[in-house]
Structures are given as C-alpha cells and as structure tokens.
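Q: Here the sequence shown stands for residues 0 to 82, numbered as in numbering that gives the first Met the number 0.
For every residue, glycine included, the Cβ atom is placed at its ideal position computed from N, Cα and C.
Quick one: structure below, then a few questions.
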Amino acid sequence: MQLPWQGGDTVPWRWGHGAVPAVCAGTLNGLSVTGDAQHQYQTLHKMYNNCEIVMGNLEIVLIDHTQDLSFLQVTHRWDPPPP
Numbered sequence: 000m001q002l003p004w005q006g007g008d009t010v011p012w013r014w015g016h017g018a019v020p021a022v023c024a025g026t027l028n029g030l031s032v033t034g035d036a037q038h039q040y041q042t043l044h045k046m047y048n049n050c051e052i053v054m055g056n057l058e059i060v061l062i063d064h065t066q067d068l069s070f071l072q073v074t075h076r077w078d079p080p081p082p
C-alpha cells in the first residue's frame, strides 16, 4: 500500500460501509510536509472526507486559513495500546 505522503495517489486503507463507522489511518509527519498548501489540502480531503474514527493523529499543517475544513467531522480518535 502506498500512501499519499509516500508519493502515491492512493487513499490509505479505510473501513466502513453503511452503519459501520469509517476508520481512517492517522499520520506521523510532525511538521514535515511536501508540496504546496493546495496539495496538502487535497491530500487531507482525500484521507479524511467522511471519516468517523482516526487511528492515531490527525495532523493539519500548511493549510490556508480560508480553506473549508468542514469535511473534518471526525467523531473519535483511537490510539492502539503500546506493545
């Protein structure tokens, strides 16, 4: 699986159909980003649009303050227990 921040155009794995909540992978990029603000926004939108549960962090960096972030209606954050 190739993730957008690894140079691919694919969306990270996602579960969810109907009544089952959509679960999306979080990110661990810190403040390091590639591309411009529009590219970051498009990547964020692809990854988290209609997402209900984020596994880990949801990092919002290099996004223009005028961008519409209303698609970020994440209702839960889940961190797996440490090994």
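(1) Can you list, in chain order, the residues of its chain whose CB lies under 6 Å from that of P82, leaving out five sequence neighbours each side?
(2) Starting from A36 and walking both ways along the alpha helix (DSSP H), at which residues does that stretch end?
(3) So which of H75, I62, S69, L68 has the shortest CA-CA distance to G34?
(4) Considering only the alpha carbon of each residue, which of Q39, V32, G25 lies closest to H64?
(5) Under three-state DSSP, which class holds A24?
(6) Ignore the nearest five residues each way along the sequence and tell me which others in L71's own chain have a CB closer than 7 Å to its CB.
(7) Around the C-beta of G25, are 16 or more other C-beta atoms found within 10 angstroms, so that it is buried, or is it exposed?
(8) What separation, rounded to the nearest whole angstrom, lies between the Cα atoms of E58 and T42?
A: From the atom records:
(1) Residues of the same chain with a CB within less than 6 Å of the CB of P82, apart from the 5 flanking positions on each side, do not exist.
(2) Per DSSP, A36 belongs to the alpha helix (DSSP H) from 36–47.
(3) G34 has its Cα closest to that of I62, out of H75, I62, S69, L68.
(4) Of the listed residues, the one whose Cα sits closest to H64 is Q39.
(5) In this structure, A24 counts as strand in the three-state DSSP scheme.
(6) When the five nearest sequence neighbours on each side are left out, the beta carbons in the same chain lying within less than 7 Å of the beta carbon of L71 are those of Y47, in order along the chain.
(7) Under a 10 Å Cβ-count criterion, G25 is classified as buried, with 16 or more other Cβ atoms of the shown protein chains found around its own Cβ.
(8) Answer to the nearest angstrom: the Cα atoms are 11 Å apart.
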